[in-house]
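Under full-length UniProt numbering, the letters of the sequence shown match residues 1 to 107, in that order. Down below is the structure, laid out as structure tokens.
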Amino acid sequence: MTAKATSQATWAQDVLQAEGPVLVDFWAAWCGPCRMVAPILDEIQAENPDKITILKLNVDENPDLAMQYQITSIPAMKVFHGGEVKTTIIGAKPKFALEKDLAEFIG
């Protein structure tokens with residue numbers, strides 16, 4: 001299972017109007033650390049399907065959203081709930097560290 005992509009066109013419906021927490025992985029195809037963290041996020045999604053939704057946003061294809069959310073370094077992950085950013089995670093981390101960062105949502 002791989003995380004679903006979101007974009008400028010589907011952002012409001014996918015992220016801002018979502019029922020529960022949504023982690024958005026801001027990434028780019030050329031980013032090595034982004035590719036390293038992707039399978040970890042897929043695992044977290046597979047293990048917590050009813051607790052959190054994980055989406056990917058390609059910053060090269062959606063520069064306006066990247067700028068709006070002040071993405072200056074990737075990978076960057078933001079957890080949205082109720083249309084607001086609740087948590088920001090910067091950089092690739094091992095699974096246990098990501099799960100710790102997400103404990104309030106998946107705990």
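Glycine included, C-beta positions come from ideal geometry on N, C-alpha and C. Everything numeric in this text was worked out from a predicted model, so none of it was measured.
Assuming contact is defined by CB atoms lying nearer than 8 Å, are Val85 and Leu55 in contact in what I supplied? What you label residue 85 is simply residue 85 of the sequence shown in a count that begins at 1. What you label residue 55 is simply residue 55 of the sequence shown in a count that begins at 1. No, Cβ-Cβ distance for Val85 and Leu55 is not below 8 Å.
Provide the residue(s) that pair with Thr53 in DSSP beta bridges, ordered along the chain. Walking along the sequence shown from the start, residue 53 turns up at place 53. Under the DSSP definition of a beta bridge, Thr53 partners with Val22.
Rounded to whole angstroms, what's the CA-CA distance from Ala92 to Asn62? Just pull it up for me. If you number the sequence shown from 1, residue 92 lands on position 92. If you number the sequence shown from 1, residue 62 lands on position 62. So the alpha carbons of these two residues sit roughly 21 Å apart.
Considering only the beta carbon of each residue, do Trp11 and Leu65 sit closer than 8 Å? Residue 11 sits at position 11 when you count from the first residue of the sequence shown. Residue 65 sits at position 65 when you count from the first residue of the sequence shown. Contact: yes.
Which class does Glu84 belong to by DSSP, given the choice of helix, strand or coil? Along the sequence shown, one-based indexing puts residue 84 at 84. Three-state DSSP puts Glu84 in a strand.
I need the straight-line Cα distance from Gln99 to Leu16, nearest angstrom please. Residue 99 sits at position 99 when you count from the first residue of the sequence shown. Residue 16 sits at position 16 when you count from the first residue of the sequence shown. According to the sequence displayed, residue 99 carries Glu and not Gln. Approximately 22 Å, taken between the alpha carbons.
What does Lys78 pair with, by DSSP beta-bridge criteria? Counted from its first residue, the sequence shown places residue 78 at position 78. Paired residue(s): Val24 and Thr88.
Using the three-state DSSP reduction, which class does Ala103 fall into: helix, strand or coil? Numbered from its first residue, the sequence shown carries residue 103 at position 103. In the structure shown, Ala103 falls within a helical segment according to DSSP collapsed to helix, strand and coil.
When you compare each of Pro75, Pro94 and Ile90 to Gly32 by their alpha carbons, which one comes out closest? Numbered from its first residue, the sequence shown carries residue 32 at position 32. Considering only alpha carbons, the answer is Pro75.
Assuming Ala3 and Gln45 are in contact, meaning their beta carbons sit under 8 Å apart, how far apart are those beta carbons, in whole angstroms? Here residue 3 refers to the residue found at position 3 when the sequence shown is read from its first residue. Here residue 45 refers to the residue found at position 45 when the sequence shown is read from its first residue. With a Cβ gap of about 6 Å, Ala3 and Gln45 count as contacting.
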